[in-house]
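>
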Amino acid sequence: MVSLHPSAALLYIHTGLQPALQCKGAHGLDHEAGHSSPAPGPRGGGHWRGGGHGLVCVHEALPDNDAVLCKGLKVFYPELGNIGCMIVPECNNYRQKITTWPEPIVKFPQALDDAAYILVMVDPDAPSRSSPKARFWRHWLVSDIKGSDMKIGKIQGQELSPYHPPSPPAHSGLHRYQFFVYLQEGRTISLSPKENKTRGSWKMDKFLSHFHLTEPEASTQFMTQYYLDGLSRQNPGVVSNETTDKPEPK
Numbered sequence: 004m005v006s007l008h009p010s011a012a013l014l015y016i017h018t019g020l021q022p023a024l025q026c027k028g029a030h031g032l033d034h035e036a037g038h039s040s041p042a043p044g045p046r047g048g049g050h051w052r053g054g055g056h057g058l059v060c061v062h063e064a065l066p067d068n069d070a071v072l073c074k075g076l077k078v079f080y081p082e083l084g085n086i087g088c089m090i091v092p093e094c095n096n097y098r099q100k101i102t103t104w105p106e107p108i109v110k111f112p113q114a115l116d117d118a119a120y121i122l123v124m125v126d127p128d129a130p131s132r133s134s135p136k137a138r139f140w141r142h143w144l145v146s147d148i149k150g151s152d153m154k155i156g157k158i159q160g161q162e163l164s165p166y167h168p169p170s171p172p173a174h175s176g177l178h179r180y181q182f183f184v185y186l187q188e189g190r191t192i193s194l195s196p197k198e199n200k201t202r203g204s205w206k207m208d209k210f211l212s213h214f215h216l217t218e219p220e221a222s223t224q225f226m227t228q229y230y231l232d233g234l235s236r237q238n239p240g241v242v243s244n245e246t247t248d249k250p251e252p253k
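Taken in order, the sequence shown gives residues 4 to 253; the numbers are from my numbering.
Laid out in structure tokens, this is it:
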């Protein structure tokens with residue numbers, strides 16, 4: 004059994020109250036955090052409890068070994084609120100909804116007003132955590148974000164990779180979706196022609212090293228999995244954009 008935070012189960016009535024899960028006890032930042040640790044159970048991450056008007060959706064926090072990445076960054080999706088350090092629950096169809104929602108609101112409250120930042124969102128578990136042959140799958144990359152905007156969740160700058168929502172493959176278990184914010188110190192950030200051709204198998208370490216981006220200023224992550232897992236026999240033809248390393252459309 005994995006060890007969960009004291010806030011491991013967050014309840015909210017599904018008729019409107021927004022959850023605000025706080026991740027506590029997370030120390031240190033490492034974009035490789037948790038790569039060798041086992042994933043939570045394949046069906047983990049929330050369920051309906053109660054009945055009638057008392058029906059509630061139970062949210063779970065990430066296990067401690069994955070929560071080390073949750074530090075200083077807030078990521079807000081519709082209905083779910085701040086999703087940092089959470090496992091997206093199956094209930095209320097959230098695992099399907101998150102594959103269709105637009106980019107989240109990302110806030111770094113400690114950002115410096117006159118600084119510039121880079122936002123990175125990746126999936127290190129493509130196509131699966133047990134066999135991450137396409138690590139890192141680049142979901143979002145934005146440079147030249149003003150610190151004053153970063154504080155309030157206004158992500159505008161040079162969008163090097165437009166936002167692509169989570170789309171984990173069927174039967175691949177829970178995937179981590181990681182967000183990092185780096186301080187951009189003067190250099191113009193760009194992707195090479197090779198990097199622009201595909202999002203999968205991105206050499207994130209090489210990219211960070213090339214632009215002298217060291218430790219992230221803030222980071223967080225959440226987990227979700229293919230929304231039809233458990234029901235996929237009814238729809239075996241559905242595939243994910245993360246299953247293969249395909250070129251970007253022109």
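Don't be surprised by glycine CBs; every beta carbon is placed ideally from N, CA and C. Keep in mind it's a predicted model, so treat the numbers as computed, not measured.
1) In this structure, how does DSSP classify Glu93 when only helix, strand and coil are distinguished?
2) Given a cut-off of 8 Å on the beta-carbon distance, is the pair Gly181 and Ser222 in contact?
3) So within the segment 88 to 167, which uninterrupted beta strand (DSSP E) runs reach at least 3 residues, ignoring any that extend past its ends?
4) Are the CB atoms of Arg202 and Trp104 nearer to each other than 8 Å?
5) Using 8 Å as the threshold, is the segment 121 to 136 in touch with the segment 177 to 192, meaning 3 or more CB pairs across them?
6) Rounded to a whole number of angstroms, what is the C-alpha to C-alpha distance between Gln113 and Lys154?
7) Determine, for Lys157, whether the minimum Cβ-Cβ distance to residues of chain D falls below 8 Å.
8) Skipping 5 residues on each side, what residues in its chain have a beta carbon closer than 6 Å to that of Pro168?
9) May I ask which residues mark the beginning and end of the alpha helix (DSSP H) holding His62?
10) Output needed for Glu162: all residues of its chain with C-beta closer than 7 Å, excluding positions within five of it in sequence on either side, in chain order.
11) Give the straight-line distance between the Cα atoms of Lys206 and Glu93, rounded to the nearest whole angstrom.
12) For Leu211, report the span of its alpha helix (DSSP H) as first-last.
13) Please state whether DSSP places Ala173 in a helix, a strand or coil.
14) If I measure Cβ to Cβ from Ile192 and keep anything under 8 Å in the same chain, skipping five residues before and after, which residues do I get?
15) Considering only the alpha carbon of each residue, which of Pro135, Pro171, Gln99 and Pro107 lies closest to Pro165?
16) Would you grab the beta carbon distance between Leu83 and Tyr97 for me? Rounded to a whole angstrom, and I think it's under 8 Å.
On the basis of the supplied data:
1) coil
2) Note on residue identity: the sequence assigns Gln, not Gly, to residue 181. Yes, Cβ-Cβ distance for Gln181 and Ser222 is below 8 Å.
3) 108 to 110, 119 to 126, 140 to 149 and 161 to 164
4) no
5) yes
6) 7 Å
7) Any reference to chain D falls outside this structure, which holds one protein chain only.
8) Thr102
9) Looking at the DSSP string, His62 is not in any alpha helix (DSSP H); the run it does join, the beta strand (DSSP E), is Val59 to Ala64.
10) Val145
11) 32 Å
12) Met207 to His213
13) coil
14) Ile121, Ser146, Asp147, Gln161, Leu163 and Phe214
15) Pro107
16) 6 Å
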